[in-house]
Every structure is written in structure tokens, then in C-alpha cells.
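Residue numbers for the sequence shown follow the numbering used here, beginning at 101 and rising by one.
Worksheet: one structure, shown below.
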Amino acid sequence: MAAVISGFVHQNDHPLDLVETTIAVRDWPLERPESDELFAQVTGRWSSYDIMFNWMNDLGALQIICSLDIRAPKERRSSVHELLAILNDRLGVGHFDIGLLNGTPSFRHTLLLRGGGLSAEQIEDLVDIALFEIDRFYPAFQYVVWGGQSPADAIATVVFETVGEA
């Protein structure tokens with residue numbers, strides 16, 4: 101997505117103020133219940149996703165967590181963990197994990213900002229990468245959780261890698 105907001109948060113500004121402004125431009129429903137938390141909901145290619153931004157002041161870090169609307173039952177979680185290992189091996193930025201209590205897969209990434217600021221472009225990149233990766237691998241989670249496929253088969257079904265020359 102092209103930058104729609106030009107902005108830079110200096111060290112004394114709260115980073116979630118710029119996150120809120122940047123997300124509001126996309127017309128997504130959002131809520132900021134605490135000064136250090138912001139929630140948004142977005143409709144992706146396969147489903148609606150919940151996005152949480154969390155500012156960790158002690159680390160000078162901004163975390164994005166984008167949760168899928170899938171809950172893995174306990175009997176499928178070992179297969180989901182295997183799927184996570186395969187997926188995370190393919191990622192250059194961020195990682196997938198699963199909630200221990202609710203079995204909900206999510207994509208996470210933390211941006212360290214100590215000594216610097218935050219730009220609208222960085223926020224847009226965080227959101228775009230999270231949504232791209234979730235949309236790309238959402239079917240694999242469905243195949244493993246609901247379809248009972250092995251993680252290797254699920255990945256083979258959703259990932260098409262080009263080999264050779266066209």
C-alpha cells in the first residue's frame with residue numbers, strides 16, 4: 101500500500117497516536133481501551149482478523165499481533181505446532197504462534213524503536229506484512245485444524261514454489 105500519511109513520531113510522542121491515525125485512514129473499526137493498546141478489525145482474503153498493537157515502554161518496542169479466527173482443539177495442537185515450525189522457517193519477518201489457553205493462531209512481530217522514532221510507513225509495512233502472511237497461510241491452518249491434514253500436506257497444498265525458468 102502506498103503511504104497515505106506522512107508522519108514521524110519523535111521520542112516524546114506516544115507511538116500509538118501515529119498507529120491510530122494510520123489505521124483510521126483505512127476505515128477499519130478500532131478501539132483504544134488503554135494508552136498502550138490499540139485494537140482493530142480487518143477483513144482479509146479468507147476471514148476477519150483481529151489486530152492488536154501493544155506499546156511496551158520499558159523496551160521501547162511496538163508489537164503487532166494479528167489473530168486468526170481459528171481455534172485449534174487440544175487434540176490438533178501438536179500438528180499445529182509442527183505447522184508453526186514449518187511456517188516460521190519460511191518467514192523473513194515476524195512469526196506465527198498459538199495461544200496456550202485458547203488455541204488461537206496469530207502472527208506476531210515486534211519493532212524495536214529505542215533511540216529512534218516511528219513512521220507511518222513502518223506502521224503500514226507492519227500491517228501489510230502481517231495481513232499478507234496470514235492470508236497466505238490461513239488455508240494451511242484450516243487444513244490442519246479442520247481438515248485433519250498433516251502439516252506437510254497442508255503446506256504442499258497452499259504453497260506453490262516455482263522451480264526452473266519459464
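Even glycine gets a Cβ: it sits at the ideal position worked out from N, Cα and C.
For a quick check, are the C-beta atoms of Trp-146 and Tyr-238 less than 8 Å apart?
For the 8 Å CB-CB criterion, Trp-146 and Tyr-238 form a contact.
I'd like the span of the alpha helix (DSSP H) that includes Ala-240, first residue to last.
Start and end: 220-245.
Just to confirm, are Ala-230 and Ile-186 a CB contact at a threshold of 8 Å?
In this structure, Ala-230 keeps its C-beta atom at 8 Å or more from the C-beta atom of Ile-186.
Am I right that Leu-138 and Val-125 are in contact with their C-beta atoms under 8 Å? What's the rounded C-beta distance?
Incorrect: roughly 14 Å between the Cβ atoms, too far for contact.
So, under 8 Å CB-CB, Ile-198 and Ala-172 are touching, yes? Tell me the CB distance rounded to an integer number of Å.
With 8 Å as the limit, Ile-198 and Ala-172 qualify as a contact, their Cβ atoms being about 6 Å apart.
Euclidean distance between Cα positions of Leu-116 and Phe-232
In a straight line, the C-alpha of Leu-116 is about 22 Å away from that of Phe-232.
Indicate the three-state DSSP secondary structure (helix, strand or coil) for Val-214 in the structure shown.
Checking the sequence shown, residue 214 turns out to be Arg, not Val. Correct three-state label for Arg-214: coil.
At the level of alpha carbons, what is the spacing between Val-245 and Arg-177?
Computed Cα separation, rounded: 8 Å.
Distance, Gly-215 Cα to Leu-200 Cα
Roughly 34 Å separates the two Cα atoms.
Quick one: what's got a C-beta closer than 6 Å to His-110's C-beta in the same chain, skipping five residues either side?
In this predicted model, His-110 has a pLDDT of only 44, less than 50, meaning its place in the structure is not dependable; the value taken from the coordinates is given anyway. Only residues of its own chain outside the window of five on either side were considered, and among them Gly-217 have a CB closer than 6 Å to the CB of His-110, listed in chain order.
Let me confirm a value: Pro-251 is counted as buried when at least 16 other C-beta atoms fall within 10 Å, else exposed. Which label applies?
Its Cβ being crowded by 16 or more others within 10 Å, Pro-251 is buried.
Do you know offhand how far Glu-221's Cα is from Leu-162's?
Those two C-alpha atoms are separated by around 14 Å.
What does the alpha-carbon distance come out to for the pair Ser-206 and Tyr-149?
Distance from the CA of Ser-206 to the CA of Tyr-149, rounded to the nearest whole angstrom, comes to 9 Å.
Leaving out the 5 sequence neighbours to the left and right, which residues in its chain are closer than 7 Å to Pro-284 when beta-carbon positions are compared?
There is no way to answer for residue 284, as the model of the chain reaches only from 101 to 266.
Can you give me the Cβ contacts of Asn-188 inside the same chain, cut-off strictly under 8 Å, excluding the 5 residues immediately before and after it?
So the qualifying residues of the chain are His-195 and Phe-196.
Tell me where the alpha helix (DSSP H) around Pro-251 begins and ends.
Its alpha helix (DSSP H) spans residues 251-258.
Quick check: what's the CA-CA separation for Ala-256 versus Tyr-243?
Here the alpha carbon of Ala-256 sits roughly 11 Å from the alpha carbon of Tyr-243.
Take the Cβ of Thr-122 as the centre, count every other Cβ of all protein chains shown within 10 Å, and call the residue buried at 16 or more, exposed below.
By the 10 Å Cβ count, Thr-122 comes out buried.
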